[in-house]
Every structure is written in C-alpha cells, then in structure tokens.
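J.: If you're matching them up, the sequences are chains A and B in order. Under our numbering, the final residue of the first sequence carries the number 386; numbering is consecutive throughout. Under our numbering, the final residue of the second sequence carries the number 386; numbering is consecutive throughout. The C-beta atom is built at its ideal place from N, Cα and C for all residues, glycine as well.
2 protein chains.
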Amino acid sequence: MGVVAALGFEVQARCRVTGARAGLLHTPHGTVETPVFMPVGTQGTVKGLTQDHLAQELDARIILGNTYHLYLRPGAETVRKLGGLHGFMNWDRAILTDSGGFQAFSLSTLVKFSDDGVLFRSHLNGDAHKFTPESTVDTQRALGSDIMMVLDECLAYPASHEASRAAMERTVKWAKRSFRHWEGYREGETQALFPIVQGGMFGDLRRSCAEQLCELNAEGYAIGGLSVGEPRGLSMEMTEATAPWLPADKPRYVMGVGAPEELPEYVARGIDMMDCVMPSRNARNGCLFTSQGKVIIKHARYKEDGSALDEACGCSTCRKYTKAYLRHLFLAGEISYSTLATIHNLRRYLDIMRQIRQAILLGAFPEFLRSVQTQAVPAG
Amino acid sequence: MGVVAALGFEVQARCRVTGARAGLLHTPHGTVETPVFMPVGTQGTVKGLTQDHLAQELDARIILGNTYHLYLRPGAETVRKLGGLHGFMNWDRAILTDSGGFQAFSLSTLVKFSDDGVLFRSHLNGDAHKFTPESTVDTQRALGSDIMMVLDECLAYPASHEASRAAMERTVKWAKRSFRHWEGYREGETQALFPIVQGGMFGDLRRSCAEQLCELNAEGYAIGGLSVGEPRGLSMEMTEATAPWLPADKPRYVMGVGAPEELPEYVARGIDMMDCVMPSRNARNGCLFTSQGKVIIKHARYKEDGSALDEACGCSTCRKYTKAYLRHLFLAGEISYSTLATIHNLRRYLDIMRQIRQAILLGAFPEFLRSVQTQAVPAG
Numbered sequence: 007m008g009v010v011a012a013l014g015f016e017v018q019a020r021c022r023v024t025g026a027r028a029g030l031l032h033t034p035h036g037t038v039e040t041p042v043f044m045p046v047g048t049q050g051t052v053k054g055l056t057q058d059h060l061a062q063e064l065d066a067r068i069i070l071g072n073t074y075h076l077y078l079r080p081g082a083e084t085v086r087k088l089g090g091l092h093g094f095m096n097w098d099r100a101i102l103t104d105s106g107g108f109q110a111f112s113l114s115t116l117v118k119f120s121d122d123g124v125l126f127r128s129h130l131n132g133d134a135h136k137f138t139p140e141s142t143v144d145t146q147r148a149l150g151s152d153i154m155m156v157l158d159e160c161l162a163y164p165a166s167h168e169a170s171r172a173a174m175e176r177t178v179k180w181a182k183r184s185f186r187h188w189e190g191y192r193e194g195e196t197q198a199l200f201p202i203v204q205g206g207m208f209g210d211l212r213r214s215c216a217e218q219l220c221e222l223n224a225e226g227y228a229i230g231g232l233s234v235g236e237p238r239g240l241s242m243e244m245t246e247a248t249a250p251w252l253p254a255d256k257p258r259y260v261m262g263v264g265a266p267e268e269l270p271e272y273v274a275r276g277i278d279m280m281d282c283v284m285p286s287r288n289a290r291n292g293c294l295f296t297s298q299g300k301v302i303i304k305h306a307r308y309k310e311d312g313s314a315l316d317e318a319c320g321c322s323t324c325r326k327y328t329k330a331y332l333r334h335l336f337l338a339g340e341i342s343y344s345t346l347a348t349i350h351n352l353r354r355y356l357d358i359m360r361q362i363r364q365a366i367l368l369g370a371f372p373e374f375l376r377s378v379q380t381q382a383v384p385a386g
Numbered sequence: 007m008g009v010v011a012a013l014g015f016e017v018q019a020r021c022r023v024t025g026a027r028a029g030l031l032h033t034p035h036g037t038v039e040t041p042v043f044m045p046v047g048t049q050g051t052v053k054g055l056t057q058d059h060l061a062q063e064l065d066a067r068i069i070l071g072n073t074y075h076l077y078l079r080p081g082a083e084t085v086r087k088l089g090g091l092h093g094f095m096n097w098d099r100a101i102l103t104d105s106g107g108f109q110a111f112s113l114s115t116l117v118k119f120s121d122d123g124v125l126f127r128s129h130l131n132g133d134a135h136k137f138t139p140e141s142t143v144d145t146q147r148a149l150g151s152d153i154m155m156v157l158d159e160c161l162a163y164p165a166s167h168e169a170s171r172a173a174m175e176r177t178v179k180w181a182k183r184s185f186r187h188w189e190g191y192r193e194g195e196t197q198a199l200f201p202i203v204q205g206g207m208f209g210d211l212r213r214s215c216a217e218q219l220c221e222l223n224a225e226g227y228a229i230g231g232l233s234v235g236e237p238r239g240l241s242m243e244m245t246e247a248t249a250p251w252l253p254a255d256k257p258r259y260v261m262g263v264g265a266p267e268e269l270p271e272y273v274a275r276g277i278d279m280m281d282c283v284m285p286s287r288n289a290r291n292g293c294l295f296t297s298q299g300k301v302i303i304k305h306a307r308y309k310e311d312g313s314a315l316d317e318a319c320g321c322s323t324c325r326k327y328t329k330a331y332l333r334h335l336f337l338a339g340e341i342s343y344s345t346l347a348t349i350h351n352l353r354r355y356l357d358i359m360r361q362i363r364q365a366i367l368l369g370a371f372p373e374f375l376r377s378v379q380t381q382a383v384p385a386g
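(1) Is the beta carbon of L222 of chain B sitting closer than 9 Å to the one on I202 of chain B?
(2) Which whole-angstrom value describes the C-beta separation of E340 of chain B and T51 of chain A, a residue pair presumed to lie in contact below a C-beta threshold of 8 Å?
(3) I need the straight-line Cα distance from M359 of chain A to A26 of chain A, nearest angstrom please.
(4) Taking C-beta to C-beta, are T145 of chain A and A82 of chain A nearer than 9 Å?
(5) Who are the near neighbours of E310 of chain B in its chain, counting only those whose CB is closer than 7 Å to its CB and skipping five residues on each side?
(6) In angstroms, rounded to a whole number, what distance separates the CA positions of A338 of chain B and F94 of chain A?
(7) Quick check: what's the CA-CA separation for H135 of chain B versus G106 of chain B?
(8) So, using beta-carbon positions, are G369 of chain B and R22 of chain B closer together than 9 Å?
(9) Any idea if L269 of chain A is buried or exposed, counting beta-carbon neighbours within 10 angstroms, 16 or more meaning buried?
(10) Taking Cβ-Cβ distances shorter than 7 Å, what residues in chain B pair up with M95 of chain A?
(11) Mind listing which residues of the stretch 97-127 of chain A have their C-beta closer than 9 Å to chain B's C-betas, in chain order?
(12) Is DSSP giving E168 of chain A helix, strand or coil here?
(13) Could you work out which residues of chain A lie near R79 of chain B, taking near to mean beta carbons separated by less than 9 Å?
(14) Indicate whether A148 of chain B and G90 of chain B have their beta-carbon atoms separated by less than 9 Å.
(15) So what does DSSP say about T103 of chain B, is it helix, strand or coil?
(16) Sort A:A347, A:D278, A:S112 by Cα distance to F15 of chain A and report the nearest one.
(17) Less than 6 Å between C-beta atoms, sequence neighbours within five positions excluded: which residues of the same chain meet that for V9 of chain B?
(18) Taking C-beta to C-beta, are T345 of chain B and T48 of chain A nearer than 9 Å?
(19) Would you tell me roughly how many angstroms separate the C-alpha atoms of D104 of chain A and M155 of chain A, rounded to the nearest one?
(20) Per the DSSP calculation, L64 of chain B is bridged to which residue(s)?
(21) According to a CB-to-CB cut-off of less than 8 Å, which residues of the stretch 292-322 of chain B neighbour chain A?
(22) Should T296 of chain A be labelled buried (16 or more other beta-carbon atoms within 10 Å of its own) or exposed?
(23) When we look at the beta-carbon of S112 of chain B and count the other beta-carbons within 10 Å, is it buried (16 or more) or exposed?
(24) Could one say the Cβ of S342 of chain B lies closer than 9 Å to chain A's Cβ atoms, at least one of them?
(25) Grab the span of the beta strand (DSSP E) containing D210 of chain A for me, first residue to last.
(26) Distance check for F371 of chain A and H264 of chain A, CA to CA, integer angstroms please.
(27) Less than 6 Å between C-beta atoms, sequence neighbours within five positions excluded: which residues of the same chain meet that for A66 of chain B?
(28) Between which two residues does the beta strand (DSSP E) carrying L125 of chain A extend?
(29) By the DSSP assignment, the alpha helix (DSSP H) with L367 of chain A in it spans what residues?
(30) Kindly indicate which residue of A:G123, A:R20, A:N131, A:D121 has the alpha-carbon position closest to the one of T115 of chain A.
(31) Using 9 Å as the threshold, is the C-beta distance between D357 of chain B and G320 of chain B below it?
(32) Just checking my contact of G262 of chain B with L240 of chain B at CB under 8 Å: how many whole Å lie between their CB atoms?
(33) Counting C-beta neighbours from all protein chains within 10 Å, is the total for Q62 of chain B 16 or more, i.e. buried, or is it exposed?
(34) Using a Cβ-Cβ cut-off of less than 7 Å, list which residues of the stretch 58-78 of chain B approach chain A; keep chain order.
(35) Look up T248 of chain A in the DSSP assignment and say whether it is helix, strand or coil.
(36) Cβ of G150 of chain B less than 9 Å from any chain A Cβ?
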C-alpha cells in the first residue's frame, strides 16, 4: 500500500500476573517510554509552565493539545502557517491532539449531534461551528500532531443501554469515515490516527465497539467516554471490559484519567497512555499530590512549615521551596504559585509512571501494585 | 564605634561629561554591579517568575521586597522564623526592602500620618495597623534584607511648598529616629539603612533635606517622592536638584522609576540604583519593551507574525517563541504569557543597565546617551 507507519510501538516487557506492559512508542518527534502520562496543554501551553519546564524540569516526552480550543483560537490555519503546533509552541517532542468532540460536548452551548457531525456554539463568543469526522482530521492535519484522534460521540453519565448503543454505533461509523478520509492523504504521512472505543458503561457495547474498530488496523486505540461522572470502579471495569479486545501489539490509551493512585490500576489493565487535567488543575487549586498523600496547601498548619512539600521528590519546587512559602504564594494569588505547584504535581505523575515502568521492566509490577494498594494515603 | 559597614560601595569609573558612574555595591549577599535596576518582588516573589528565572535567566543580583505587603502577609515574624526573606523565598542574592510607608499611603484606606507614624487599614481585610520609624526598622530586621529603608512621608502630586516642607521635615525627623533606633542594634549588624530625601517638587526643599540627611552618615541614600503623578521632566529635575547634595562615595537610589528610555537619564544625573514595577506590570498587561520600541502584543498585526519579539534580545522568550505565540497566550489569558513576557521586559531593563555600565566603563557614556536620546522609538 505504500503506507508509512507513523508510529512504532514496541513492547519491551509484560507483567506475568497483570496486563501491564512497558514499551517504547516511536514517533516522528522522539521516542516515548510507556506507560506514559501526557500533560495536558489545552491551548498550546501547559497551564503555568513554559516549554523549558516541560522539557528540562519534567522531561515530558509527549503532551496533549486540545483541538477544540486551538480550532477556535488562534485557529488551525494560523497554527499551520506558524509551523504546526510543534513550531507554534516551540515543542519538538511528541504531541497528541484530541478530536475536539469531547470539548464541543462539554464546554460549548447548544450542542447538537447528528449523523453528519457535531453542531456547537463557541464558548468564547457564541459563534456556530460544526465538526465532522472529516473536518476534525483536517483540523488536526493543520495542527500537525503526531497522534490524531477520530471524532466520537461521548455521552454524559448515566446513559441507557439504548442511548449508549446508538452513540457507540455512530462513533464506529464516524471512525470509519475518518479513516476513509485519512486514507486519501495517508501516503507518506507521518501523523497517526487513533479510533476511540465508546459504549457507555456496558461491557457488551465496549467489546462490540472494540472489535469493529480493530478492522481499521489503526496504529493505536483509545478508550473514551470515561471520567464523565461515573463511579471510579466503573471506569476501571469498563477499561477491563475493553482492553482485552484491542490489539496486543498496539498502544492503548485511556482518555481523561486519572487520580495518582489509579495510574497503576489502569496500567495493570493493559493501558499504555493516559492524560488528565487533574495534576495541573488541582495544583492551581491548592491540592498537591505527594508521596505521603494529598497536601491542601492553604491549611493553617503549613503557615510556618519550613519543610519541603515532598521530601521524596526531586522536582525544583521540592528542592528549593518550603510548604510555608508555597502556602504564602497561594494565599497571595501569585502567578509563581501556579508554576511551582504545577511543576510538582506533574513531576509526581511522571515519577509514578517511571516507577511503574521500572517495576514492569524488573518483573516486580505485582509487588509494586500491591504496595500501592495497601499504602495508607493520609490526606493533608 | 565598632560599627561594621554592611555595604561597600566602590566607584569604578565616572563619566567625564555627565554625573554617570559605574560601581560595585558589595553586600552580604553578593556584589552588585551598578548602575542597577532592581526587579520588584512585592510579596516575596517577582510576579510571574520563579527564583530560577531571576538568577539563571536574568542574572538579577538584587531584588526589592515590599515591607507593607510582607508585614501584612505572611507577617514579618513568620518570615523571620523561616530564615528571613532570603531563606523564605530561597534567594541568596541581595535584597532591598522599602519601609512600607509608600504602600500604606497608596494602597490602604484611611491613612493618617502623625508625628508618631502612619496609621492605616490593611487593603486585605481592613484591620488597623501602625508603622512608626522604629517599627519599620524592626520589621525590616525581621525580614533580614541587605538594605532597609527608613519610613518617610510621601505626598501626592501636586502639593504646596508648605505641605512639602512639612512632610520633608517630618521625613528628616523620622530618619533621625530610625537611625537612633537602629544604632541600638547596629554593632555587628550586616543590614544597611538608607534615608530617603523628600521635598516634593521643590529644589530648595530637596537640597535642604539631602543636607540634613547627610549628617546621618548613611551607607547610601534614596530619592523618594517621585513617580507620584508629576510630569516626567519634573522627576528628572528633582533628581538633578538632589543628587549633587548627596555624598559622592555612596550609592544613590531613585525609588520607583522609570521608563526604559529614562534609565540612562537618571544615570546621567548620578543615580546608581532604580526600581520600578513598570517592566513586570506592563508585561502582564501586554506592553512589551523592545530595542525597536514598544510592542502592544494583542494587536492583530501580530496574529501570524512568526518573528521573535526582539531579534536583538537574548532572553529565552525571544530565542524560543514568536510574537504570534505570545499574542495567542495573551489573548487566551494563559499564565505562561505572564512568565514569558516578564522574562523579556525585565531582561530588557537589565540589558539596558548593562549597556549603560559598559558605556561608562569604556568612557563612552555621553555618546551612548546621545544615541539613545536621538533614537526614534516607534510604538508597536
């Protein structure tokens, strides 16, 4: 077919007990060690950080951009003219973009899904816009991300089996349309396109969706429609009901998860990639994740606490500043608080993933998982 | 007297035409090359930056802290317990703190000056507080700054000769009280205390104030009461009317100035130290200072401008990002905009000061000043 594989995925080690695996994801913008957590850079920047922080402080190898936001502002064509998202934000490592469908559904007003696509109004100025499976591929082509996502239909929780089936079937149709459209370009392309498994909170729908999407022979697969309000156990159950039906030699990506303690759980279920705004958003709101549990930095107990936020952490926030100083910056509403807090929380997430990866490579993941599960996590 | 000089000041070169001089200010926290611009770190942080940015990106050798803000939050005693302002913010280079008087006058409500001190209400919660000449020395001792400032009475512009004389006379009395109080501690102390020349916009009052303050034999002198709404020519005139009456072997500090093009003008009038919120505040508001003049970054003309903000600038913002990207971050309200913009504007100020210093050392300051004065500064 003359199709150049945009991505290479190599499984380096598999856990003998769980579904966990460690791998290498080769992208046109560098190799990513998996399992990986991808910091969310919604509008062409990870909130609170510069790209120097991302590369030097966190050594993030892949970040996520939101197509919905970039499409509205500054516009995909503007980004394309300025060198794609890599050139625009001066980030030469890997980028994954979502399709924009989830944000159109969750952020905009007057959303209307039809077989053709999604009609929505911009949350910025109310202008009417439409995403179709084809248009979101085109938009992501202009953004130039290494991994693009197909448009899918995501339902709020709870949704009936019937509604979930309808959205799943539309999602499959849209995925096929996306790939058909993409095939027109695909020769020599260096971007990859991932379909997304939907099916609400129903294992039979998830399996059916996964099996249908496998026919697309994609370079990776995502599990969407989680973190939409369901209990956390259910997100895990749906992951379990989906992952086994996805190709074992392709990366699996659960979208929009999770809490720090959930990362090893997803990995145990065969997941290689995750993203979530939780570390960066919680950082800005004063909730910091440490090896000893959560720290709510505004608490009066930290007023004169001259100790590091997390003695076990090597990030510059923990090496250089005290809890008392972070609390002061938070209460004073200082910009630098957001920077220092985001550095730490993302470093925590990336460190957890590095620990998980090491455990898998050493054949010690079951023990690692058990130690995490039994660890008392005091709230701060 | 057994008094240890906290500061050493060494004039390395004097301009043969103007009053400009290049020097070295030796502090307990390192040597500062003068003339120097001090970034303002109001609440124990320079807004938008981390201390890594200040040290590594800008190589700032001295920064300013605001006593009023730190006194109210987190409180001087808390800062003292956490290692003084140096330890609290993890900054091992020099720090100058103001006395808090100016902020009590400009930020708080229901200010009342009496011979004893300043009564004011906190802008944070309305609580009543009082600063006296003695208490502000004590507060700054707790903060542990390298250079402390005496409490002074600053008037809004315009003020009559009579009102200006009264405030000046009170300022002199307060300076004497401050030094008397300070003498009680001074043995072995490593902090320095600078008196402040007031006198409104009247040269005779400025001269009289300077002459009276010289009797204190301080380690440096400040010129205050400028940038209070007067025309810029008048600020310069008052500097001219004051600097010659201050000791030639001591550093001279004009408080709260100035615009980029004014920096060499102050230096030409014998000034060694300056501070101003302009570079950092304007950065956050979208006004960027470049070698080619001001850039108002939100302008539509920059939407797809892939060039650096200032081709002549070596800061990381200019080396790594485009005007189009900065504009996008500004319009999107991203935190990283403030960081990148503040890095650039402060770098611009510090670079101008380094250029001025080099010109003085090379004996070429008059030519430098002329070239700056005749340079057309297009607005962007």
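T.: Quick look at the numbers:
(1) No; because the gap between Cβ atoms is not below 9 Å, this pair is not in contact.
(2) A Cβ-Cβ separation of about 5 Å places E340 of chain B in contact with T51 of chain A under the 8 Å criterion.
(3) In a straight line, the C-alpha of M359 of chain A is about 12 Å away from that of A26 of chain A.
(4) yes
(5) A330
(6) 15 Å
(7) 12 Å
(8) Going by C-beta atoms, G369 of chain B is nearer than 9 Å to R22 of chain B.
(9) buried
(10) Y331
(11) none
(12) helix
(13) Here the neighbours are H334, L337, A338.
(14) Contact check for A148 of chain B against G90 of chain B passes: the beta carbons are separated by less than 9 Å.
(15) strand
(16) A:D278
(17) Low per-residue confidence applies at V9 of chain B: pLDDT is 46, beneath 50, and the placement is therefore not dependable enough to give any value.
(18) no
(19) 5 Å
(20) According to DSSP, L64 of chain B bridges with nothing at all.
(21) So the close ones are K309, E310, G312, S322.
(22) Answer is buried; the Cβ neighbour count reaches 16.
(23) It is exposed - the Cβ of S112 of chain B has fewer than 16 other Cβ atoms within 10 Å.
(24) Put simply, the CB of S342 of chain B is near chain A, with a gap under 9 Å to one of its CB atoms.
(25) Careful: D210 of chain A lies outside any beta strand (DSSP E), inside the alpha helix (DSSP H) at 209-220.
(26) First, the amino acid is wrong: residue 264 of chain A is Gly here, not His. Rounded to the nearest angstrom, the two C-alpha atoms are 19 Å apart.
(27) P45, L60
(28) 124-127
(29) Per DSSP, the continuous alpha helix (DSSP H) segment holding L367 of chain A begins and ends at 341-367.
(30) A:N131
(31) yes
(32) Going by Cβ atoms, the distance from G262 of chain B to L240 of chain B rounds to 14 Å, so no, they are not a contact pair.
(33) exposed
(34) D58
(35) Of the three classes helix, strand and coil, the one that applies to T248 of chain A here is helix, per DSSP.
(36) no
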